[in-house]
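Student: Numbering (my numbering), first residue to last: 1 to 204. First the structure, which I've put down as structure tokens, then a few questions once you've had a look.
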């Protein structure tokens, strides 16, 4: 991977950052992981509490165990009749199909970052750091995807990573060199989602 050609500016990173679910097996240098984490901790947080904590997992055996927990949670979630996925059509169904395939491969992604919060009830305050992490990774040519299925296996994840009981598991982020191209991403145009001064269609 040629770093000189892989790196992009922050606005291009935002416009091309996407959920990556196919990765190359190549390792990610520690210095790049550190760069991404350093960008993450620059994010604002409620009362400047800086509650976010990051467990970086590169050990193959631990990644394998996390992969098994992820797959188990995914299969239970999507095989739950109460959840129902029959409403999915087109693009949504395609995304769910790709996510199901990824569930069997997540343990092979070179880096897994478990994002935690030291304060329960303020997980929302951690997400600015998560967004910084995602954009920073993209700017360095690294792929990521935000996942939450490990939160349904929190006790087992704690055991694998020695996470204390009083620390809340917020989400997990697989990270590595993408085996698919970045962007262009499919997004609704700004004119459909942003309104000035009042909700579009409201009475004057």
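Heads up, the beta-carbon is just placed ideally off N, CA and C, and yes, glycines get one too.
1) Just mark residue 132 as buried or exposed, buried being the case when its beta carbon has 16 or more other beta carbons within 10 Å.
2) Have a look at the DSSP bridge pairing and note the partners of residue 143.
3) Does the distance from the C-beta atom of residue 183 to that of residue 16 stay below 7 Å?
4) State the CB to CB distance for the pair residue 178 and residue 23, rounded to an integer number of angstroms; the pair is presumed to be in contact (CB under 8 Å).
5) Three-state secondary structure (DSSP) at residue 186?
6) At the level of alpha carbons, what is the spacing between residue 61 and residue 195?
7) With residue 53 as the anchor, note down where its alpha helix (DSSP H) starts and where it stops.
8) Give me the residue from 53, 37, 75 and 98 with the minimum Cα distance to residue 180.
9) By the three-class DSSP mapping on this structure, what secondary structure does residue 20 have?
10) Enumerate in chain order the residues of its own chain whose CB-to-CB distance from residue 155 is below 8 Å, with the five nearest sequence positions on each side excluded.
11) Helix, strand or coil for residue 95, going by three-state DSSP, please let me know.
12) Classify residue 34: buried if its beta carbon has 16 or more other beta carbons within 10 angstroms, exposed otherwise.
13) Do residue 32 and residue 54 count as a contact pair if the criterion is CB distance below 7 Å?
14) Are the Cβ atoms of residue 109 and residue 174 separated by less than 7 Å?
15) Any contact between the region 115–130 and the region 63–72? By contact I mean 3 or more CB pairs, one from each, below 8 Å.
16) Between the alpha carbons of residue 104 and residue 165, how many angstroms are there, rounded?
17) Specify, as a first and last residue, the run of the alpha helix (DSSP H) that residue 33 falls within.
Tutor: In terms of the structure at hand:
1) buried
2) 176
3) yes
4) 6 Å
5) coil
6) 49 Å
7) Taken as a continuous stretch (DSSP letters only), residue 53 belongs to no alpha helix (DSSP H), being part of the beta strand (DSSP E) at 52–57.
8) 98
9) coil
10) none
11) helix
12) exposed
13) no
14) yes
15) no
16) 28 Å
17) 30–40
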